[in-house]
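Counting in the numbering used here, the sequence shown runs from 9 upward without gaps. Backbone N, C-alpha and C define an ideal beta-carbon position, used for all residues, glycine too. A short write-up of the structure that comes next.
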Amino acid sequence: FAQGLLVMMESNEYITKYEYKRYTPSKKTQPSDYVFEVVCKGWEDFKLTLLEKNDQKVYVNGKFFSKKEARISVFDRGFLFSDSVYEVSAVIGGSLVDWQEHFARLIRSLDHLNIVNNFQEEDFYQIQKKLIKENELEEGLCYIQVTRGIAERDFNFAKNSLLPTVVIFTQEKLILSNPACKVGIKI
9 FAQGLLVMME SNEYITKYEY KRYTPSKKTQ PSDYVFEVVC KGWEDFKLTL LEKNDQKVYV
69 NGKFFSKKEA RISVFDRGFL FSDSVYEVSA VIGGSLVDWQ EHFARLIRSL DHLNIVNNFQ
129 EEDFYQIQKK LIKENELEEG LCYIQVTRGI AERDFNFAKN SLLPTVVIFT QEKLILSNPA
189 CKVGIKI
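Listed below in structure tokens is the structure:
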């Protein structure tokens, strides 16, 4: 995380200051967490702070793990072939935004790709609610990734009815208070 950001920062002419340091422990952080602060040219009054939380909980295939313990197989078709679907929902005030619409799109995408769906809407919803609560997320996103599953590397998957891999995690992200909401972004 940090090494990649430091290389990017050192080669970016718009970055005027950056710092990577251990975060001071508080109610929401641990001694092992890190913070990366960035100040951009023209945005000196806005400091971008990226917090790398090492105790964050994630969901993988029916179980909750710390993000450091979570694992998927290197033979997962999502990893080998991008044979997967993802869906992202905003979280504002600790609640999912437009969840039913996101779930409908997730199911539609899984159906189009013939990926097995063993979950009901309530299952996904409860997992996300638990992660939002456990990770004390007030503003950010909830990410769902469903892959076709684990199989020997082969282009032909039609012969197999695989058990899908499901990964869900949260991420702190400025949504309502993001400066880009006020000034826009350049495309």
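Can you check DSSP and say which residues form a bridge with GLN64?
For the purposes of this step, residue 64 is identified with residue 56 of the sequence shown, where counting begins at 1. Looking at the DSSP assignment, GLN64 forms no beta bridge with any residue, so it has no partner.
Start-to-end residues for the alpha helix (DSSP H) that takes in GLU109:
Position 101 of the sequence shown, counted from the start, is the residue given in the question as residue 109. 107 to 120 is the span of the alpha helix (DSSP H), which, as asked, contains GLU109.
C-beta atoms of TYR98 and LEU182 nearer than 8 Å:
Locating residue 98 in the sequence shown gives position 90, counting from the first residue. Locating residue 182 in the sequence shown gives position 174, counting from the first residue. A small correction: the amino acid at residue 98 is Ala; Tyr does not occupy that position in the sequence shown. Contact flag unset, no.
Expressed to the nearest angstrom, what Euclidean distance is found between the alpha-carbon atoms of SER81 and VAL191?
Start at 1 with the first residue of the sequence shown, and residue 81 comes out as number 73. Start at 1 with the first residue of the sequence shown, and residue 191 comes out as number 183. Answer to the nearest angstrom: the Cα atoms are 42 Å apart.
Rounded straight-line distance, which links the Cα of VAL154 to that of THR164:
Position 156 of the sequence shown, counting from 1, holds the residue named residue 164. Position 146 of the sequence shown, counting from 1, holds the residue named residue 154. Rather than Thr, the amino acid found at residue 164 in this sequence is Asn. When rounded, the distance between both Cα atoms is 19 Å.
Can you pull the DSSP bridge partners for VAL175?
Numbered from 1 along the sequence shown, position 167 holds the residue referred to as residue 175. Looking at the DSSP assignment, VAL175 forms a beta bridge with VAL68, GLN153.
Does DSSP put VAL191 in a helix, in a strand, or in coil?
For the purposes of this step, residue 191 is identified with residue 183 of the sequence shown, where counting begins at 1. Three-state DSSP puts VAL191 in a helix.
Rounded separation between GLN134 and SER185 - CA only:
The residue given as residue 134 occupies position 126 in the sequence shown. The residue given as residue 185 occupies position 177 in the sequence shown. Between GLN134 and SER185, the C-alpha separation is close to 27 Å.
Using three-state DSSP, classify GLY148 as helix, strand or coil.
If you number the sequence shown from 1, residue 148 lands on position 140. Looking at GLY148 - three-state DSSP - the assignment turns out to be strand.
For the alpha helix (DSSP H) containing ILE135, name the first residue and the last one.
By 1-based counting over the sequence shown, the position of residue 135 is 127. Where ILE135 is concerned, the enclosing alpha helix (DSSP H) stretches over 129 to 142.
Can you tell me whether GLU21 is helix, strand or coil according to DSSP?
Within the sequence shown, numbered from 1, the residue matching residue 21 stands at position 13. With a pLDDT of 47 at GLU21, under the threshold of 50, the modelled position of that residue is not reliable, and the figure given next carries that caveat. In the structure shown, GLU21 sits in coil (DSSP, three-state: anything other than H, G, I, E or B).
Between which two residues does the alpha helix (DSSP H) containing PHE210 stretch?
Here the chain has residues from 9 to 195 only, and residue 210 is not among them.
Reducing DSSP to helix, strand and coil, say where SER103 ends up.
Counting from 1 along the sequence shown, the entry for residue 103 is found at position 95. Here SER103 sits in strand by DSSP.
Under the three-state reduction of DSSP, which class applies to VAL93: helix, strand or coil?
For the purposes of this step, residue 93 is taken as residue 85 along the sequence shown, with counting starting at 1. The answer is strand: DSSP assigns VAL93 an E or B state.
Could you tell me whether the Cβ atoms of THR173 and ILE158 are closer together than 8 Å?
Translated into positions along the sequence shown, residue 173 becomes position 165. Translated into positions along the sequence shown, residue 158 becomes position 150. Against a cut-off of 8 Å, the Cβ pair of ILE158 and THR173 comes out as a contact.
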